[in-house]
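Residue numbers (the numbering used here): 272 to 423.
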């Protein structure tokens, strides 16, 4: 009984873990090089954020009805997280990339002006996702939720 009531949570966490574990595999397929640190990183294919919230929303819909208020809440949260992953966080990463390049270029031209250690701070460039990575996460999340609904 407890397991059944935890289906949405189990689906969501499982989808996120599976997405993170798949990232090195898909990177290898594309680049023919293993990059194991992707297991812990944000960004990349598939989006674990999108997988998690999609699995949660679908699982809640399957268990509580798609017309229930709790499904509306989880769907709203999913839309916000997915939008954030594909837009806000993605462009923040792009800004970090441009900022680092500007600092590098300016340090070469004006080395005395950039002595402060703050200019040595490495900014994370892969924060968000391209839409194909988000869609991959959504599909994965849906598949995990449907599978969990059948198995649990």
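Ideal placement from N, C-alpha and C gives every residue a C-beta, glycine not left out.
If you draw a straight line from the alpha carbon of residue 392 to that of residue 365, how long is it in whole angstroms? The count along the chain shown starts at 1 and reaches residue 392 at position 121. The count along the chain shown starts at 1 and reaches residue 365 at position 94. If I take the Cα positions, the gap works out to 16 Å.
Just to confirm the assignment, what range does the alpha helix (DSSP H) spanning residue 331 have? Start at 1 with the first residue of the chain shown, and residue 331 comes out as number 60. Taken as a continuous stretch (DSSP letters only), the alpha helix (DSSP H) holding residue 331 covers 319-335.
Could you check how far apart the C-beta atoms of residue 419 and residue 294 are, in whole angstroms? I think they sit under 8 Å. As a first step, residue 419 is located in the chain shown; it is residue number 148 there, counting from the start. As a first step, residue 294 is located in the chain shown; it is residue number 23 there, counting from the start. Rounded, the Cβ-Cβ distance is 21 Å, inconsistent with contact.
Give me, in chain order, the residues of the same chain whose beta-carbon lies closer than 6 Å to that of residue 415; leave out the 5 immediate sequence neighbours on both sides. Working through the chain shown from its first residue, we reach residue 415 at position 144. Excluding residues within five positions, the ones whose Cβ falls inside 6 Å are 282, 285, 286, 326.
Compute the Euclidean distance between the alpha carbons of residue 274 and residue 423, then round it to the nearest angstrom. Locating residue 274 in the chain shown gives position 3, where the first residue counts as 1. Locating residue 423 in the chain shown gives position 152, where the first residue counts as 1. In this structure, the alpha-carbon of residue 274 lies about 7 Å from that of residue 423.
Using CA atoms only, rank isn't needed, just tell me which of 399, 400, 380, 374 is closest to residue 388. By 1-based counting over the chain shown, the position of residue 388 is 117. Distance check between residue 388 and each of 399, 400, 380, 374 places 374 closest, using alpha-carbon atoms only.
Please identify the residue among 321, 305, 379, 341 whose C-alpha is closest to the C-alpha of residue 290. Position 19 of the chain shown, counting from 1, holds the residue named residue 290. Ranking the options by Cα distance to residue 290, first place goes to 321.
DSSP state of residue 402 mapped onto helix, strand, coil: Numbered from 1 along the chain shown, position 131 holds the residue referred to as residue 402. Three-state DSSP puts residue 402 in a helix.
Cα-Cα, which of 333, 302, 349 is closest to residue 405? If you number the chain shown from 1, residue 405 lands on position 134. For residue 405, the nearest C-alpha among the options comes from 349.
Would you call residue 382 buried or exposed, if buried means 16 or more other Cβ atoms sit within 10 Å of its Cβ? As a working mapping, residue 382 is identified with position 111 in the chain shown. By the 10 Å Cβ count, residue 382 comes out exposed.
Three-state class that DSSP yields for residue 304 in the structure shown: Looking up residue 304 in the chain shown gives position 33. Under the three-state reduction of DSSP output, residue 304 falls in the coil class, being neither helix nor strand.
Could you pull out every residue in the same chain whose Cβ sits closer than 6 Å to the Cβ of residue 316, ignoring the five residues on either side in sequence? Indexing the chain shown from 1 puts residue 316 at position 45. For residue 316, where only same-chain residues beyond five positions count, the Cβ hits under 6 Å are 297, 404, 407.
In chain order, what residues of the same chain lie with their CB nearer than 8 Å to the CB of residue 402, ignoring the 5 residues before and after it? Stepping through the chain shown from its first residue, residue 402 is reached at position 131. 357.
Compute the Euclidean distance between the alpha carbons of residue 336 and residue 318, then round it to the nearest angstrom. By one-based count along the chain shown, residue 336 stands at place 65. By one-based count along the chain shown, residue 318 stands at place 47. Looking at the two C-alpha atoms, the distance is approximately 26 Å.
Is DSSP giving residue 348 helix, strand or coil here? Translated into positions along the chain shown, residue 348 becomes position 77. Reduced to three states, the DSSP call for residue 348 is helix.
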